[in-house]
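Comments concern the structure below.
2 protein chains.
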Amino acid sequence: MATAVVVAIFTVLDQRLSVLLIERAAEPYGGEWALPGGLLQPGETLEGAAGRKLKDETGLSDVFLEQLYTFDAAGDGNAEIVVAYFALLPAAQARLRRELEWRPAWRALRELGRLAFANERVLDYAQERLRSKLDYTNVAYSLVPVRFTLRELQGVYEAILEETIDKRNFRKRVVGLGIVRATTETRKEGAHRPARLYEFTSREPMVLF
Amino acid sequence: MATAVVVAIFTVLDQRLSVLLIERAAEPYGGEWALPGGLLQPGETLEGAAGRKLKDETGLSDVFLEQLYTFDAAGDGNAEIVVAYFALLPAAQARLRRELEWRPAWRALRELGRLAFANERVLDYAQERLRSKLDYTNVAYSLVPVRFTLRELQGVYEAILEETIDKRNFRKRVVGLGIVRATTETRKEGAHRPARLYEFTSREPMVLF
DNA sequence: CCAAAAGTGTTCTGACTACACCCATGC
DNA sequence: GCATGGGTGTAGTCAGAACACTTTTGG
Numbered sequence: 159m160a161t162a163v164v165v166a167i168f169t170v171l172d173q174r175l176s177v178l179l180i181e182r183a184a185e186p187y188g189g190e191w192a193l194p195g196g197l198l199q200p201g202e203t204l205e206g207a208a209g210r211k212l213k214d215e216t217g218l219s220d221v222f223l224e225q226l227y228t229f230d231a232a233g234d235g236n237a238e239i240v241v242a243y244f245a246l247l248p249a250a251q252a253r254l255r256r257e258l259e260w261r262p263a264w265r266a267l268r269e270l271g272r273l274a275f276a277n278e279r280v281l282d283y284a285q286e287r288l289r290s291k292l293d294y295t296n297v298a299y300s301l302v303p304v305r306f307t308l309r310e311l312q313g314v315y316e317a318i319l320e321e322t323i324d325k326r327n328f329r330k331r332v333v334g335l336g337i338v339r340a341t342t343e344t345r346k347e348g349a350h351r352p353a354r355l356y357e358f359t360s361r362e363p364m365v366l367f
Numbered sequence: 159m160a161t162a163v164v165v166a167i168f169t170v171l172d173q174r175l176s177v178l179l180i181e182r183a184a185e186p187y188g189g190e191w192a193l194p195g196g197l198l199q200p201g202e203t204l205e206g207a208a209g210r211k212l213k214d215e216t217g218l219s220d221v222f223l224e225q226l227y228t229f230d231a232a233g234d235g236n237a238e239i240v241v242a243y244f245a246l247l248p249a250a251q252a253r254l255r256r257e258l259e260w261r262p263a264w265r266a267l268r269e270l271g272r273l274a275f276a277n278e279r280v281l282d283y284a285q286e287r288l289r290s291k292l293d294y295t296n297v298a299y300s301l302v303p304v305r306f307t308l309r310e311l312q313g314v315y316e317a318i319l320e321e322t323i324d325k326r327n328f329r330k331r332v333v334g335l336g337i338v339r340a341t342t343e344t345r346k347e348g349a350h351r352p353a354r355l356y357e358f359t360s361r362e363p364m365v366l367f
C-alpha cells in the first residue's frame, strides 16, 4: 500500500476557471480523464512529489502550490490514500507539454463529465478553497501576469466566484486596501481607451486584514 | 512504508486551551510526550482511524473531528506520512481513561516543552486553525455543554484567542447574529446573581455570514 | 458619429469598537 | 454593607453595497 499524490492545476482561460486534466493511457480507468498524479517515491516529500508532477505537465516550478486535503483512495488498487494539492498559474504560462503521451489539456471546470478515481471530490474541494481564499488572501496574484489591468483582474475574480462584481467597488477595495498598486504604465488594446497597468504590492501569499 | 494518523484532542480546562498528550511507552521517543496516534490499518478510512484513536483515549465518539493537514513523517522509521486530525470536546467530557498504560493527560498548550515526532508542527497548525474557525464558524458549540452561560462561552473564546473580549460586544455579536439563543432557565453559582442559560441555535458545524 | 471599454464619487447600511453604571446574591 | 460577578445601551467609525455618467479610442 502506498501513498498517491495528485495535483489540481488551475488557470483562468477565456473567462473560465479551467483545470489541467490528462487522458489516462494505462488501466485502471484507461482512456478516461483524470488529474495528474502518481505515487510518492521513497525519500520524496509530499510537496516535492506535487511539484514534480506540476513540472512534468507544465514545465513550471515556481508557482503557487498548496496542500488541499487527504482523501481515502477510491477505486485505485495501488494507493491507500491520496494527498491532493492545488496549483495556480497565470493564463500566459498555461502552455502544456503536448508531446507527452497522456495529452494534458485544459478543461473548463463547469463543463466536466465524470472523472477517473472520483477526482470530482478533489475538484469540488479545490474550487471551494480557491473561492474562499480569493476573499481573504491575495492569491489572485498567482493567476495574473506581473502587470495587468484592473479589468483583467476583475475578470479572474468573476470567473472563479461565478458572479459579476461592480467595477467601482472592486477597484476601491483592491486598491484602497493595498492589495494592488497602480504603475505609471498604460496599455492600449483594440479600439479602447488606454488602460492603466497595476501590480500586486506583494507576490507572496498573505492573509488580508 | 505506512501511513500514520495522529489526533490533537482539545478542550478548555481551567481557562486554558489544553491538549491530550500521552507518555510514550515504546521506542522511538520512549518516555517523551506525544500526540495519540498510530498506523492506518488495512481497510480502515482515515477518519475512521482518527475516530478510533479518539475513542481509545477518551471513550467518546460523537464529537467534533476534522482533518487538519498531512505532514511528511519526521523521525519515525515506520511511517512515510502523517495525517493529522483535530478534535474538540467540552470540559465536562474531558475524562481520560487513566487505566491505559500510556497515561493520557491534559496539558495546557501554553506550557509545553518539546514533543516526540516534532508534534509541535501539528499543534501550531491546529491552534491557528482553531482560532480562525472560532471567528467564522460556530465550532465553539463543541467546546461547551448543551446549556451554558454567556460568561462561560466568552471564557472559551478568550482562552483560545488569548485576548480579553468586551462583555457587551461579545453578547451582542453572539446573540444578535443568531449563533446562540437564550433559554428560559437560569443557574445560580456561588454568591452571585443567577445567570441565564443559553444554547447554540445549531450544533452542526456551519459557516457564519 | 458610433461602439466599446475605461474611469470615477456619493449615499446608505450594517457590523464592530470603545466605554461605565446598576443589580442581585451570599457572606 | 460589601464584594462578586451578571447584566445592559449609546455613539462613533469603517467597510461594503448600490448606483450612472463621462471619456478616449478605432473604425
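Order-wise, the sequence lines are chains A and B. Going by our numbering, the first sequence opens with residue 159, and the numbers climb by one from there. Going by our numbering, the second sequence opens with residue 159, and the numbers climb by one from there. Note that beta-carbon positions come from the ideal geometry of N, C-alpha and C, so glycine has one too.
Option nearest V221(A) by Cα separation, candidates K346(A), S300(A), K330(A): Cα-wise, what sits closest to V221(A) is S300(A).
Those runs of the alpha helix (DSSP H) which lie wholly inside the region 293 to 321 of chain A and span at least 4 residues: Complete alpha helix (DSSP H) runs here, min 4: 308 to 319.
Which residues DSSP lists as bridging D230(B), in chain order: Beta bridge pairing from DSSP links D230(B) with I239(B).
Local Cβ density within 10 Å of E121(A), reported as buried at 16 or more and exposed below that: Nothing about residue 121(A) can be read from this structure; chain A reaches only from 159 to 367.
Pick from L193(A), R182(A), A162(A), A184(A) that is closest to S284(A), judged by C-alpha positions: The displayed chain sequence assigns Ala, not Ser, to residue 284(A). Comparing Cα positions, the closest option is L193(A).
Residue of F168(B), M159(B), F367(B), V338(B) minimising C-alpha distance to P262(B): Nearest option by C-alpha distance: F168(B).
Residue(s) in a DSSP beta bridge with I180(A): DSSP, once it has assigned bridges, lists A192(A) as partnering I180(A).
Residues of its chain near F358(B), where Cβ-Cβ distance is below 6 angstroms and the 5 sequence neighbours each way are ignored: In chain order, Y299, V338 place their CB closer than 6 angstroms to the CB of F358(B), counting only its own chain and leaving out the 5 sequence neighbours on each side.
C-alpha distance - T341(B) paired with P303(B), whole-angstrom precision: Answer to the nearest angstrom: the Cα atoms are 14 angstroms apart.
Residues bridged to A245(B) (per DSSP): Partner(s): I167(B), L223(B).
CB-CB length for L179(A) against W191(A), believed under 8 angstroms: That pair is a contact at about 5 angstroms.
Test item: CB-CB of V177(A) and R265(A) under 8 angstroms: Contact flag set, yes.
Min CB distance Y227(B) to chain A below 8 angstroms: Residue-level contact by beta carbon holds for Y227(B) and chain A, with a gap shorter than 8 angstroms.
Chain A within 8 angstroms of L212(B), Cβ atoms only: Using beta-carbon distances, L212(B) does not count as an interface residue toward chain A, since no partner is under 8 angstroms.
Cβ-Cβ distance between A245(B) and F275(B) below 8 angstroms: Contact flag unset, no.
Contact set for L366(A): own chain, Cβ-Cβ below 8 angstroms, skip 5 residues either direction: Cβ within range, chain order: Y294, T295, N296, L335, I337.
C-beta neighbour in chain A for L198(B), strict 8 angstroms: Chain A, which has a Cβ nearer than 8 angstroms to the Cβ of L198(B), makes this yes.
Neighbourhood of Y187(B) by C-beta, 7 angstroms cutoff - its chain only, sequence neighbours within 5 removed: Around Y187(B): A274, F275.
Alpha-carbon spacing of A160(A) relative to A160(B), whole angstroms: Annotation: A160(A) to A160(B) spans about 7 angstroms, alpha carbon to alpha carbon.
Sequence-distant residues of the same chain with beta carbon closer than 7 angstroms to L281(B), five excluded per side: If we look at L281(B) and ignore the five residues flanking it on each side, its Cβ neighbours are A166, V177, L267.
Within-8 angstroms CB hit, V241(B) to chain A: Yes - at least one Cβ of chain A is within 8 angstroms of the one on V241(B).
Which residues DSSP lists as bridging L197(A), in chain order: Residue pairing by DSSP places L197(A) opposite A162(A) in a beta bridge.
Option in L288(B), V170(B), E238(B) with minimal Cα separation from T313(B): What sits at residue 313(B) in the sequence shown is Gly, not Thr. For G313(B), the nearest C-alpha among the options comes from V170(B).
Bounding residues of the alpha helix (DSSP H) (the contiguous stretch that carries A208(A)): Run containing A208(A): 204 to 216, per the alpha helix (DSSP H) assignment.
Element boundaries [beta strand (DSSP E), containing V365(B)]: Run containing V365(B): none; DSSP gives neither H nor E here.
Cut-off 7 angstroms between Cβ atoms - residues of its own chain near G195(A), not counting five sequence neighbours on either side: A distance below 7 angstroms between beta-carbons, with the five flanking residues on each side excluded, links G195(A) to the following residues of its chain, in chain order: A162, V163, V164, V165, K211.
Sequence-distant residues of the same chain with beta carbon closer than 7 angstroms to R345(B), five excluded per side: Closer than 7 angstroms at Cβ, skipping near neighbours: T307, P352, A353, L355.
Candidates L292(A), L311(A), R305(A): closest to M364(A) by CA position: When only C-alpha atoms are compared, the closest one is L292(A).
Which of helix, strand or coil DSSP assigns to A252(B): DSSP places A252(B) in the coil class of the three-state scheme, outside both helix and strand.
Contact set for A207(A): own chain, Cβ-Cβ below 6 angstroms, skip 5 residues either direction: The residues are V163, L198.
Contact set for E181(B): own chain, Cβ-Cβ below 7 angstroms, skip 5 residues either direction: If you ignore the 5 residues before and after E181(B), its C-beta comes within less than 7 angstroms of the C-beta of G189, W191, W260, R261, all in its own chain and listed in chain order.
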